[in-house]
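Read left to right, the sequence shown gives residues 52 to 254 (our numbering).
Here a beta-carbon is modelled for each residue, glycine too, at the ideal position from N, C-alpha and C.
This structure is a prediction, so every number in the text was calculated from the model and none was measured.
The structure under discussion appears below in the form of structure tokens.
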Amino acid sequence: MSTTQQPTKTILRLHLPTDPRWVNIAEKNIEDILVDHAYCEQKAATSAISLIVKYPDKTRLVEEMTDLVAEEWSHFERVLEQLKKRGYGLGRNRPDEYVVELSKHIRKGNKRERQLMDHLLVNALIEARSCERFKLLWKNIQDEELQKFYYELMVSEAGHYVSFVKLAKEYMPAAEVDARLNELLEIEANIIRSLEPRPDRMH
Ligand SMILES: [Fe+2]
Ligand SMILES: [Fe+2]
Numbered sequence: 052m053s054t055t056q057q058p059t060k061t062i063l064r065l066h067l068p069t070d071p072r073w074v075n076i077a078e079k080n081i082e083d084i085l086v087d088h089a090y091c092e093q094k095a096a097t098s099a100i101s102l103i104v105k106y107p108d109k110t111r112l113v114e115e116m117t118d119l120v121a122e123e124w125s126h127f128e129r130v131l132e133q134l135k136k137r138g139y140g141l142g143r144n145r146p147d148e149y150v151v152e153l154s155k156h157i158r159k160g161n162k163r164e165r166q167l168m169d170h171l172l173v174n175a176l177i178e179a180r181s182c183e184r185f186k187l188l189w190k191n192i193q194d195e196e197l198q199k200f201y202y203e204l205m206v207s208e209a210g211h212y213v214s215f216v217k218l219a220k221e222y223m224p225a226a227e228v229d230a231r232l233n234e235l236l237e238i239e240a241n242i243i244r245s246l247e248p249r250p251d252r253m254h
């Protein structure tokens, strides 16, 4: 188990750990958490599709996002399965303040590559935070089937985080990507700090 615990510490580089109270309140609201999680997976797939639509000329991006859509969609299917097993429906989508706030830091304007870098790095951070929360759920939740499920998702989303950062370096100089990633890590920590840990949200 020790090697599997490393990614969230050394690779993700999140500046602020999740409030440990979150996992306890989340477990008591597993229906809400699963519903919110289902929508997170759906949004991850949608976001990858929108990148393909916006940057069809970036071959590597198109290829990687195509694979990612399939993976995120399979995650969505797996969350639906967990909901069904417990007799829950999909429920309604809720606004995701965390993603809305973070997305405000994707700089607009005519610098197309810079905008792409910001978009990829924001997606990377959403993956990183999701991964960190899956780790908390995996390590603390009582339900054994969900433990295994969250462990697998933790590994998968850690891989996505790494891929998004790598992909940003395909299109912008590595030093610039690292500098922007550091800025966004700080912004992300401030957003997390400003949001109350909610019992019904993944973020
Ligand atoms: Fe996912
Ligand atoms: Fe992902």
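Contact set for residue i: own chain, Cβ-Cβ below 6 Å, skip 5 residues either direction
i      : result
His126 : Glu92
Ile76  : Pro250
Arg252 : Asp87
Distance, residue j Cα to residue i Cα
i      : j      : result
Tyr212 : Gly138 : 32 Å
Val86  : Lys199 : 18 Å
Ala99  : Pro71  : 30 Å
Val151 : Glu82  : 23 Å
Val120 : Ala96  : 5 Å
Asn273 : Ser154 : No answer is possible for residue 273: it lies beyond the span of the chain, which begins at 52 and ends at 254.
Lys162 : Cys182 : 30 Å
Pro47  : Lys109 : Because the chain is modelled from 52 through 254, residue 47 falls outside the range shown and cannot be assessed.
Arg165 : His156 : 12 Å
Glu128 : Trp73  : 25 Å
Leu141 : Gln133 : 10 Å
Asn174 : Arg158 : 14 Å
Val130 : Leu232 : 30 Å
Gly210 : Glu122 : 11 Å
Lys94  : Arg244 : 23 Å
Tyr201 : Ile84  : 12 Å
Ser136 : Leu246 : According to the sequence as given, residue 136 is Lys; it is not Ser. Whole-angstrom Cα-Cα distance: 31 Å.
Trp124 : Ala226 : 33 Å
Gly160 : Arg111 : 23 Å
Asp118 : Pro248 : 32 Å
Neighbourhood of residue i by C-beta distance below 7 Å, restricted to the same chain and skipping five residues each side
i      : result
Glu234 : none
Val113 : Ile103, Pro107
Asn80  : Pro250, Asp251
Arg64  : Leu236
Cβ pair residue i, residue j closer than 8 Å
i      : j      : result
Leu167 : Tyr106 : yes
His254 : Asp147 : yes
Val228 : Ala219 : yes
Asn144 : Tyr90  : yes
Gln149 : Ile242 : The identity of residue 149 in the sequence shown is Tyr, whereas the question assumes Gln. Yes, the Cβ-Cβ distance between Tyr149 and Ile242 is below 8 Å.
His66  : Leu236 : yes
Own chain residues within Cβ distance below 8 Å of residue i, not counting five before or after
i      : result
Met116 : Ala99, Ile100, Leu102, Ile103
Gln193 : Glu78
Glu195 : none
Pro68  : Glu183
Ile238 : Leu153, His156
heavy atom of ligand 4 below 7 Å from residue i C-beta
i     : result
Glu78 : Ligand 4 is absent from the structure shown, which contains only ligand 1 and ligand 2.
Test: residue i CB closer than 8 Å to a CB of chain D
i      : result
Thr110 : Protein chain content of the structure displayed is limited to a single chain, and chain D is not contained in it.
Does the segment 183-191 touch the segment 202-211, meaning 3 or more C-beta pairs lie closer than 8 Å? yes
Any contact of the segment 212-221 with the segment 167-182, i.e. 3+ C-beta pairs under 8 Å? yes
Sequence-ordered residues whose beta carbon comes within less than 6 Å of a heavy atom of ligand 2: Ala95, Glu123, Glu178, Glu208, His211
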